[in-house]
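Worksheet: the structure to be examined is printed underneath.
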Amino acid sequence: MNQAKFRQFEHFNFENNVVWKDFIKDLDPNIPKERFEKLKKIWYKDNIDTDFDPEFVSHPNQQSSHQNNTHQKQGSAFNLGQQTIVQKILFGLENFLKLAFIITSFVPIVSNAQFAVAACILGLYRQCKFPTKTREYGEKVLKNEFTQNLFFLIGYLFVYSFRPVYNAPIILHFVLGLASYVLLLQGTIYQYFKSQVDKIYSMQKEIYKIKYRIEIALVPASLIFLFIGHSSLFTFVYYANFIRIKYILLDSFKEECRYVNYKYLEPYKRNPILGFLISKVQSLCSYFIRFK
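All residue numbers for the sequence shown refer to the numbering used here, where the first residue is 1 and numbers rise by one.
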């Protein structure tokens with residue numbers, strides 16, 4: 001890549017680009033400046049110029065500075081801002097538990113919910129700190145994705161079969177969390193998984209969308225599992241109410257519910273038979289939600 005393409009990147013009007021502004025809205029505010037600039041280049045390559053090279057350095061002195069910064073980061077374990085040693089240890093433990101949950105999710109005979117619960121509690125503490133008796137704190141906790149995960153995991157008490165299927169939303173959230181952690185960690189592990197980590201982190205909005213859609217899909221799936229004898233009525237009732245509560249709390253989840261309804265339900269409602277079945281299932285969901 002040449003200097004001209006790099007100058008085009010430097011003069012690109014990011015501030016007026018709606019897609020870019022939507023992308024950075026979901027970025028972690030604690031991301032290091034160097035990593036933010038790298039993700040900015042990756043986004044530019046993916047959305048504006050596919051021939052742009054995110055690794056290109058404009059001037060030789062910048063190349064030397066870039067290499068020095070890389071060596072400093074590799075030698076200092078990881079950069080997590082002003083966190084204390086205890087906070088860094090807890091952050092590392094949180095991500096170890098996330099990894100343990102992901103790995104054991106592919107071994108159906110192993111009970112691994114305790115890994116997810118512990119990781120979510122640590123993640124909730126990291127993001128919200130100690131409880132305070134304020135309305136703002138309560139809203140912040142209720143809308144936190146780790147809190148939503150804990151509510152979701154309570155439903156495991158009623159899941160008797162197909163548990164790996166129910167692991168999928170938690171796995172997606174944990175994969176995104178691990179990518180964020182490795183990005184902050186830097187060092188050798190980041191260099192080894194650099195392309196995967198940058199790609200996952202840049203797709204966090206899409207990952208959340210998939211997570212939400214799977215959570216929505218688990219409600220009718222629970223009903224199907226019930227009919228074939230691999231689930232319980234409580235499973236269906238619990239997750240129907242989980243979806244309702246999350247719909248009330250999170251605007252982003254509400255958007256996905258509307259999308260799923262428009263994309264996967266509305267086209268089939270025109271069919272007399274399928275429309276009748278869909279309306280009955282929706283009525284059943286509404287009944288159990290009120291009953292609960």
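We treat Cβ as the ideally placed atom computed from N, Cα and C, and that holds for glycine.
Residue i classed as buried or exposed, judged by whether at least 16 other C-beta atoms fall within 10 angstroms
i	result
E15	exposed
D198	buried
V86	exposed
S76	With a pLDDT of only 33 at S76, under 50, the local geometry of the prediction cannot be trusted, and no value is derived from it.
K292	With a pLDDT of 40 at K292, under the threshold of 50, the modelled position of this residue cannot be trusted; read the value that follows with caution. It counts as exposed.
I102	buried
N68	Legend: pLDDT at N68 = 38, less than 50; position of this residue unreliable, no value from coordinates given.
R35	buried
N241	buried
L172	buried
Q8	exposed
Residue i vs residue j beta-carbon contact at 7 Å
i	j	result
E94	L122	yes
K98	A113	no
S202	L27	no
V159	T84	no
V182	Y190	yes
A168	I214	yes
K263	F253	no
K33	P54	no
I210	A179	no
Closest residue to residue i among the options (Cα-Cα distance)
i	options	result
V117	I170, I224, I42, Q127	I170
F12	K98, E37, F91, Y44	Y44
L184	G92, T134, T104, L150	G92
Y212	I154, R163, E145	E145
F151	Y239, F23, V18	Y239
V175	S105, E37, N261	S105
V219	E37, S111, Y208, S232	S232
I48	K25, P32, I89, F6	F6
A217	C257, Q186, L178	C257
L249	S161, E206, L142, K205	L142
Simplified DSSP state of residue i, which is helix, strand or coil
i	result
I224	helix
Y160	coil
I207	helix
P32	coil
L250	coil
S180	helix
Y238	helix
V107	coil
I154	helix
T147	helix
F12	coil
P131	coil
L90	helix
G123	helix
I48	coil
T300	Not covered by the structure: residue 300. The range shown for the chain is 1 to 292.
G229	coil
K194	helix
D22	helix
E55	coil
Within-7 Å CB hit, residue i to chain B
i	result
I103	Going by chain labels, chain B is absent from the structure shown, which holds only one protein chain.
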